[in-house]
Amino acid sequence: MESSYLCRRYNKIHIDMIDLKNPKWEDFHISDMPKREAMPGVKVHCGIYRRKPGSPSPQFKQHNSISIPKEIFDGHLQTGVHRIG
Amino acid sequence: MATYRQEYTVLAEAIVTNTIVVPTDAEVKAGEQPSLYYYTDSAAWDTGAQFTLISPRIVEALGLQSNGKETFMGIGGDQESDTYFVHIGLPNGELKRYVKVYCSDLDNYDVLIGMDIIAETDFLITNADGKTTFQFRTPSEGGVEL
Numbered sequence: 104m105e106s107s108y109l110c111r112r113y114n115k116i117h118i119d120m121i122d123l124k125n126p127k128w129e130d131f132h133i134s135d136m137p138k139r140e141a142m143p144g145v146k147v148h149c150g151i152y153r154r155k156p157g158s159p160s161p162q163f164k165q166h167n168s169i170s171i172p173k174e175i176f177d178g179h180l181q182t183g184v185h186r187i188g
Numbered sequence: 003m004a005t006y007r008q009e010y011t012v013l014a015e016a017i018v019t020n021t022i023v024v025p026t027d028a029e030v031k032a033g034e035q036p037s038l039y040y041y042t043d044s045a046a047w048d049t050g051a052q053f054t055l056i057s058p059r060i061v062e063a064l065g066l067q068s069n070g071k072e073t074f075m076g077i078g079g080d081q082e083s084d085t086y087f088v089h090i091g092l093p094n095g096e097l098k099r100y101v102k103v104y105c106s107d108l109d110n111y112d113v114l115i116g117m118d119i120i121a122e123t124d125f126l127i128t129n130a131d132g133k134t135t136f137q138f139r140t141p142s143e144g145g146v147e148l
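Top to bottom, those sequences are chains A and B. Residues 104 to 188 (this note's numbering) make up the first sequence, in order. Residues 3 to 148 (this note's numbering) make up the second sequence, in order.
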């Protein structure tokens, strides 16, 4: 499952680098992805991703989500830190 | 499935919503507010950004501890940035947990929601009658055809 997710995310970039049964995370990078021309007013943050050996795999953990009260986002809060309890 | 809809009265120059950033050591329970979070109404959704970024003022306000430095390519070339793990609360009420984010000066924004999050949603913008409507839902269900 993890490897298929990796494939879905990066398949347009460097799928030939990925062994689906044994992805080489430690050496994985996407430095060859197409460079885009910067346009006025458009932020471009494509680039390089390297994972250090033994470090967490955040992409996988992003499937881990829970529901929180939507009332938080009703617009009545001030920008900044909020502590509950 | 959780959905979100935002209607503008004009053509939007940017898709900006509110969001919260939660330290990973804060207490989070389903259906409850996290014990500590940073709320902002200045989160830009950017399909041109590969990763999600947060501003230095959020890092400072929450006292986040970096888990390392990584290099990414911005407009001005390679940039080295501190990275952090945080939970990101989306305005549809979903808290994405353990998102790796970069810290960068975002000018007028507090958060730049990148494709690492957008790619897990159904994301739709319409502009009929000169008025932008932005909608997204999680998880992605597909099936939207134009």
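Each residue gets a CB set at the ideal place from its N, CA and C atoms; glycine is no exception.
Handout entry: Every unbroken beta strand (DSSP E) inside the segment 25 to 54 of chain B [3 residues or more]
Key = Along the segment 25 to 54 of chain B, the beta strand (DSSP E) occurs as fully enclosed runs of 3 or more residues at 38 to 47, listed in sequence order.
Problem - Short Cβ contact (8 angstroms threshold) for L39 of chain B with I22 of chain B - result: According to the sequence shown, residue 39 of chain B is Tyr rather than Leu. Taking 8 angstroms as the Cβ cut-off, Y39 of chain B and I22 of chain B qualify as a contacting pair.
Problem - Classification of L64 of chain B by the beta-carbon crowding that lies within 10 angstroms, buried from 16 upward - result: It counts as buried.
Exercise for the section: Consult DSSP for G183 of chain A and reduce its assignment to one of helix, strand or coil. Expected result: The three-state reading of DSSP puts G183 of chain A in strand, counting E and B together.
Exercise for the section: Sort out for me which residues DSSP pairs A4 of chain B with in a bridge. Expected result: Beta-bridge annotation (DSSP): A4 of chain B is paired with B:T140.
Problem - Members of the segment 96 to 111 of chain B that neighbour chain A once the beta carbon cut-off is set at 7 angstroms - result: Cβ contacts with chain A come from E96, L97, K98, R99, Y100, V101 and K102.
Problem - Continuous beta strand (DSSP E) stretch holding I169 of chain A: start and end - result: Its beta strand (DSSP E) spans residues S168 to S170.
Practice task
Taking D124 of chain B as part of the beta strand (DSSP E), name the residues at either end of that continuous run.
Solution key: For D124 of chain B, the enclosing beta strand (DSSP E) covers residues D124 to T128.
Practice task
Residues of the segment 30 to 58 of chain B with a CB closer than 9 angstroms to any CB of chain E: list them in chain order, please.
Solution key: Protein chains in the displayed structure are A and B, and chain E is not among them.
Handout entry: Backbone secondary structure at D112 of chain B - three-state DSSP
Key = Three-state result, D112 of chain B: coil.
Handout entry: Residue burial classification, H179 of chain A (beta-carbon count within 10 angstroms, cutoff 16)
Key = H179 of chain A is exposed by the Cβ-count criterion.
Problem - When B:K98, B:Q35 and B:L66 are compared against T85 of chain B, the one with the closest alpha-carbon - result: Each of B:K98, B:Q35 and B:L66 was checked against the Cα of T85 of chain B, and the nearest Cα belongs to B:L66.
Exercise for the section: Verify the CB distance criterion: does N129 of chain B have a CB-CB separation below 8 angstroms to chain A? Expected result: Not one chain A Cβ lies under 8 angstroms of N129 of chain B.
Exercise for the section: For G145 of chain B, decide whether its Cβ has a neighbour in chain A, counting only Cβ atoms nearer than 8 angstroms. Expected result: Judged by the 8 angstroms Cβ criterion, G145 of chain B is not in contact with chain A.
Exercise for the section: Would you please verify whether the beta carbon of P93 of chain B is less than 8 angstroms from any beta carbon of chain A? Expected result: Cβ-Cβ to chain A under 8 angstroms: yes for P93 of chain B.
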